[in-house]
Structure formats: C-alpha cells, structure tokens
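Residue numbering for the sequence shown follows the numbering used here, beginning at 1210 and increasing consecutively.
All C-beta atoms, glycine included, are put in the ideal place defined by N, C-alpha and C.
Written out below as structure tokens is the structure these notes cover.
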Amino acid sequence: MSTHETTEEAASAAGTGVRLTAGGAELTVRPELGCRISSLRVDGTELLRQGDRYGSFPMVPWCGRTADGVFRDGDALRRLPLNSPPHAIHGTGRDQRWRTVRADETAAVFTYDLGDPWPYTGRVTQLVELAEDGLTLKMGVETYGNSFPAQAGWHPWFLRRPQGRPAGGAGAADGEGGDGDGVRISFDPAWQEERGADHLPTGRRIDPLPGPWDDCFGMPDGVDVRLTWPGWLELRVTSRAEWVVVYDEQDEAVCVEPQSGPPNGLNSAPRLVTPIDPLEVATTWRWRRL
C-alpha cells in the first residue's frame, strides 16, 4: 500500500474521511460511515445536507423498502432487520465500515464484504471519481458462492437552499417542482409506480402525478433528472439505470435516487447476482454554473 493510501486509511479511521478535489469542486467520503459522501462543495458552497444520516449514501444490497423485511429466494424465505418498521429500508451498506482500497487526488475505491444480517456472502465495490464539472459513482455487487437477488443505488440529500449561493428566481416553471428561490426539479418519466398506504408500489403503473413526491418513477431510456438552483447552478443526475425515486417532502433537502430496481424489488423484480454476472450500476452528476 502506498504512503498516500496509508494516510487515507488513517484519516478515515479518525473520522475525517477521504477528501477529493478537482478545480472548484471538493468532496469528502466517510468510509467508516457507510461510505457516504458527507460533503460536496462547488466553489465553496455545500450541496449536500449535513449530518451522519444525510450527505449521499449507497443503497445496497437493496434499495428503498422491502415489504415486512421479507423476500423469497426460490423456495427460501429470507428475513431482514426491520430498520424502518414494518419494513426493511435502504440496505445494510450504509451501516457498514468500508475499506479504502486506493485513493488519489480525484478518485477513490472502497469495498466491504457482504454478510450478516444480509444472508449471503459477497463483496461490494464503490468508485468515486470527481471532476471540475461533475461526479461519477460506480457500484458493483459480486458473489463468490451462491447466487442471490440484489439491488444497488444512491440516496443523495441535495440542499434545497444552499448557503452562500446567489439568491434569485421566482417560482418553479410548469412541469417542475420547487418553491421560491429553492431548487427546482425537472424530469420526464414514462410512468410513476402507484404508491400504496404502506409506501410500497402496488404493482400498477400510472401517469406521473405532480409533487410533492416520495415516489418511484420509471425512465426506460435511463435516469435523467435536472436540479436547478436559479441564478447559480444546474445539476443533472443521469444513469443507465431505469428507476429513480424522488423525495421532496422535507423543507431542508430533496432526494433524487437512481437505482437498479424499484422499492420492494427483491420481491417484485429480482435481479440475480451470479459468479459470472455481477450487478453493476453507475450514476453521473454533471453541473454547470448559471
């Protein structure tokens, strides 16, 4: 291991994280805190909600809610911890200490080994790569033994009104979510997953409804969601994944969550990870100054 890598390991163990920089962009990853991005600054302005539960964390080995913490793998019934009763939510990766494999000024790679309370063994790898005008995240889930269903994605908390940015803008435009000089959300999904009273998809696909949202949308040509802070910055979240959850019910921040399958997908749309077919997913956040 290089001296730089040793330094990064010590920094993350101390809780200061792994820091990347590229031009006016600065990013901090906390591998000991579920490998979440705890900070993303553009020209000195923080984009992400602060706090150990926030930033942007990987959702793995499942995304969103799994109904009653139960899913089937063939004839086997598997049970997960009910960390959001009555459901299991957002995977176990955000609760694990990840290992820094390598890091340099603009990119870093992290891993953790799957195991209890997830009922299978395997490995998750996340690449974080920062550029002056964007961020690329890649995640892979692999198994060295039995095949199993899995999902992967990301759960960023973008500040609705970042401190220190220029004020400006009136209300949101038609077809967009937002309020006043807060962030505007714009996207064109093919459908919305109807959400039941239990916050799980009912299985029906409906025409997209106006927000506020805590909903999953289908984008079969790939996720493409634009966040605009009027007079300051536009940020596009894109992914070849076909599913995105948008959550904007809080005043502090909004979430745009590209993921490999819908909520409760371990049951409704299982994607098997096999020794010759790992699960791979990626997303890019590209920004431009206005």
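Assuming residue i and residue j form a contact by the criterion Cβ under 8 Å, report the distance between their Cβ atoms to the nearest whole angstrom.
i, j, result
"P1270", "A1361", "7 Å"
"R1446", "V1463", "With the sequence shown as reference, residue 1446 is identified as Val, and Arg is not the correct amino acid for it. Not really, about 11 Å apart at Cβ, beyond 8 Å."
"F1367", "L1236", "Wrong, their Cβ atoms sit about 14 Å apart, outside the cutoff."
"W1441", "L1499", "6 Å"
"G1391", "R1369", "4 Å"
With DSSP collapsed to three states, give me the class of residue i.
i, result
"A1541", "Because the chain in this structure spans residues 1210 to 1499, residue 1541 falls outside the shown range and cannot be described."
"P1267", "strand"
"E1451", "coil"
"L1475", "helix"
"G1440", "coil"
"V1326", "The residue asked about is misnamed: residue 1326 is Pro in this sequence, not Val. Reduced to three states, the DSSP call for P1326 is coil."
"G1362", "strand"
"E1255", "strand"
"D1342", "coil"
"L1286", "strand"
"E1235", "strand"
"T1424", "Note that residue 1424 is Asp in the sequence shown here, rather than Thr. It is a strand residue."
"A1379", "Any answer about A1379 is weak, because its pLDDT of 36 lies below 50 and its placement is not dependable; what the coordinates show is given next. Three-state result, A1379: coil."
"D1457", "coil"
Once you ignore the five residues that flank residue i on each side, which residues in its own chain have a CB closer than 7 Å to its CB?
i, result
"Q1363", "In the sequence on display, residue 1363 carries Trp and not Gln. Closer than 7 Å at the Cβ level, and outside the excluded window around W1363, lie S1265, P1267, M1268, L1346, E1466, P1467 and T1492."
"R1288", "G1278 and V1279"
"D1282", "F1357 and P1358"
"R1497", "D1342 and E1443"
"G1470", "C1272, Q1360, W1452, A1478 and R1480"
"D1457", "G1386, I1394, G1420, P1421, W1422 and V1463"
"Q1259", "none"
"M1428", "P1398, A1399, E1451 and V1453"
Go through its chain and collect everything with a Cβ distance to residue i's Cβ below 6 Å, but skip five positions before and after it.
i, result
"R1306", "E1241"
"P1479", "P1358"
"E1403", "T1411, R1413 and I1415"
"D1322", "R1332"
"L1229", "L1236, T1315 and L1339"
"E1351", "G1331, R1332 and P1487"
"R1308", "T1320"
"R1239", "G1226, R1245 and S1247"
"R1250", "E1235"
"N1476", "F1280"
Could you pull out every residue in the same chain whose Cβ sits closer than 8 Å to the Cβ of residue i, ignoring the five residues on either side in sequence?
i, result
"L1409", "R1274, A1276, H1296, P1472 and N1473"
"P1326", "L1289, P1290 and T1301"
State buried or exposed for residue i, treating a residue as buried only when at least 16 other CB atoms are found within 10 Å of its CB.
i, result
"A1234", "buried"
"D1304", "exposed"
"E1461", "exposed"
"Q1401", "buried"
"I1485", "exposed"
"D1424", "buried"
"G1373", "exposed"
"Y1329", "buried"
"G1371", "Reading the sequence as shown, one finds Pro at residue 1371 and not Gly. Classification for P1371: buried."
"G1253", "exposed"
"G1232", "exposed"
Any heavy atom of the ligand ZN within a distance shorter than 6 Å of the CB on residue i?
i, result
"G1302", "Ligands displayed in this structure: none; no statement on the ligand ZN is therefore possible."
I want to know whether the stretch 1307-1316 touches the stretch 1333-1352 - three or more CB-CB distances under 8 Å. Three or more beta-carbon pairs separated by less than 8 Å link the stretch 1307-1316 to the stretch 1333-1352, which places the two stretches in contact.
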